[in-house]
Amino acid sequence: MKWLKVAATSLFAIAMLVACGGNEDTSSNDGDNGGGTSGGDEVELVFWEFGNTGYDVLIEEYVADNPHVTINLQNSDMNDLHDNLFTSISAGSGAPDITMIEEGQIERFRSAESGFVNLYDHGASNVEGEFLEWVWRNGENGEGDFLFGLPTDIGPTVMFYRTDVFEEAGFESSPEAVSELVATWDDYERVANEIYENTGKLMTDSAELVYNARRDQATQQYFNTDDELIMDEHPQIREAFDYTASLLEQGVLGEIPLWEPEWYAGMGNGSYATMLAPAWMQGNIKDNEPEEGVWSITTMPEGAGNWGGSYLAVPSETNHAEEAYQFIEWLTAPEQQLKAFLGYGLFPSAPAVYDMPEFLDYEDDYFGGIATAQVFSEAAQAVEPVYKGRSYYDVDDEVKEAIDNVSAGSDTQAEWDAALERINRVLDRQ
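Mapped onto mature numbering (1 follows the signal peptide of the UniProt record, and there is no 0), the consecutive letters of the sequence shown carry residue numbers -21 to -1, 1 to 409.
Written as C-alpha cells, this is what we have:
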C-alpha cells in the first residue's frame, strides 16, 4: 500500500537485523527537544520503516548533531514489516529498536502491550499537545495510560479531480466551483451521471475508492470498542456499501484493482473524473501524469476521513529505549514534520505546522498553483476518531471482495449476506 518500496524479507534477514541492533547495554543520555542527545557511549539503533519517507535524509541531520548515535535504517514492504514485527514481538526476539506501525495496523498490536515501551515513561506527555488529538488517542491503549507510538504523518482525504474532464462535461473546473458542485454524495452521484452522459467517461476508475471514502467518514465502522462486530447493525457502513454498489450498477464507476499497473496508468489517460484519496496520493498522481495543471484538488463530499499515516514505536526488547525515544521525539517534532512534508509530501500530524509560513505559503504548480497544504490541513482537522479493531483488515478484505462481485454482476443483498458469513467464519477462527 501507499508509496511502497518492496524489499525481500526472510528469517535470515530478521536475524541479521538483530545482529545490527547489538546487545550491549549503554547508558542513557538526557536530550533536548531540538537535537537529541549531547554525547555518551556509542549507540546503534535499528529502525524498521516502510514506504518512501525521506527519513534517511533527516537521519543524517540527527546523526550530525549526535555523532555517537548510528541509525541503521531498514526499509521493507509494509505488510512484511508488520508480519515480521508481530513474529518478533511474539517470540521475544528479533525486534528492532524503533519501528514504524501503520495507523490501521496498530490495533493488531494492542494485545501485545508488553512487547513495547510505554512512551509515557520517557516523557511523551510533554509533547502530547503538539499533535492532533484524534491521532494521539489512536496511539494509546484503551485505558489511556500506555502510549505505543508517536504520530508521524496522516492521510486526510480529499477529492483529486481532472480539470479537463470537468470542462469537457460543461462544468467550471476551479476548486471552489467543483467543491460547490459536489458538496454531497447525492451531488456526486448526479454529477457522475452527467459526466458519463456528456463525455462517456467514468466518475472514478476504482469503486473501492468510493467505498473507502464513505467508510472513512463513518463515526463507527466494523467493530465497537468491545471488538464486537457491528457492521450489520450500524447504518453508515451498509450505506457506504449500498451507495458504491448503486453507482456500479449505474455504470459510472470502474473496477480496476488498486496498485496494479493499469490503475497507475489510468491517472494519466483522462478516462475518469475524480479520485477520492488521501494526501499521500499526490506523489502517485505526479509520477503517472507528467503534465502540470491537469489534476487539481478540492474538498470531498460531506467532509473528510483519514486513510493511512504511521506511528513510531519502541519495542521493549531494545537495550536503548531512552536513546530511541529521544530520536523519535526529534523526528516527529513540528520542525521535522515540515521538512518531511516539503520534501516527500508526508502530511503532518502536528497542527503547529499548519501555521508555519513555509506551510501556509506552499503552493503546488502541478495542481494549478493552489495552496494544497491548506486544503489538506482543513481536512485533517475535520477528521473524527474511530475505533477500528484488531481484525479491521480481515473484515475490510471481505467487504472489498463483495464489491468486486457486485461489479461482476452479482446481487447487492446476496453479496452483503455472503460477506457477513465469510467475516463471521474468519472471526470464529481467531
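In this text, a Cβ means the ideal position worked out from N, Cα and C, and glycines have one as well.
Excluding its 5 nearest sequence neighbours in each direction, GLY284 has C-beta neighbours in its own chain below 7 Å: THR136, ALA192, ASP195, GLN196, VAL362, listed in chain order. Using a C-beta cut-off of 8 Å, the region 126 to 144 makes contact with the region 98 to 109, since at least three inter-stretch Cβ pairs fall below that distance.
Judged by their CB atoms, LEU406 and ASP373 are nearer to each other than the 9 Å cut-off. Contact between SER328 and ILE133 holds, with the beta-carbon distance rounding to 5 Å and staying under 8 Å.
In this structure the region 306 to 313 lies against the region 328 to 341, because at least three pairs of beta carbons, one per stretch, are closer than 8 Å. ASP383 is the residue among ASP206, SER389, ASP205, ASP383 whose C-alpha sits nearest the C-alpha of LEU188. Secondary structure note for SER356: its alpha helix (DSSP H) is the uninterrupted segment 351 to 361. Shortest Cα-Cα distance from TRP274 to any of HIS299, THR204, ILE349, PHE338 involves ILE349.
Within the model, the alpha-carbon separation for PRO75 versus ASP205 is close to 31 Å. Here the alpha carbon of TYR190 sits roughly 39 Å from the alpha carbon of GLN305. Looking at the backbone, the Cα of GLU337 and that of TYR222 are separated by about 40 Å. Straight through space, the alpha carbons of ALA244 and PHE88 are spaced by roughly 36 Å. A buried status is given to SER289, since no fewer than 16 other beta-carbon atoms sit within 10 Å of its beta-carbon. DSSP, reduced to helix, strand and coil, places GLN53 within a strand of the structure shown. In this structure the region 159 to 178 does not lie against the region 261 to 269, because fewer than three pairs of beta carbons, one per stretch, are closer than 8 Å. Exposure of ARG404 is indicated by the presence of fewer than 16 other C-beta atoms within 10 angstroms of its C-beta. Taking the Cβ atoms as the reference, GLU394 lies roughly 5 Å from VAL385, within the contact range of under 8 Å. Straight-line measurement puts the Cα of LEU64 at about 15 Å from the Cα of GLU82. If only uninterrupted alpha helix (DSSP H) runs of at least 4 residues are considered, those enclosed by the region 129 to 209 are 142 to 147, 154 to 160, 164 to 178, 186 to 196. Per DSSP, the beta bridge partners of LEU24 are ILE50. With respect to the 9 Å criterion, ILE50 and GLU21 are not classified as neighbours on the basis of their beta carbons.
A buried status is given to GLN200, since no fewer than 16 other beta-carbon atoms sit within 10 Å of its beta-carbon. Secondary structure at ASN285: strand, using DSSP grouped into helix, strand and coil. Contact annotation, PRO280 with VAL161: C-beta distance approximately 6 Å; criterion of less than 8 Å satisfied. A Cβ-Cβ separation of about 14 Å leaves GLY94 out of contact with ILE77 under the 8 Å criterion.
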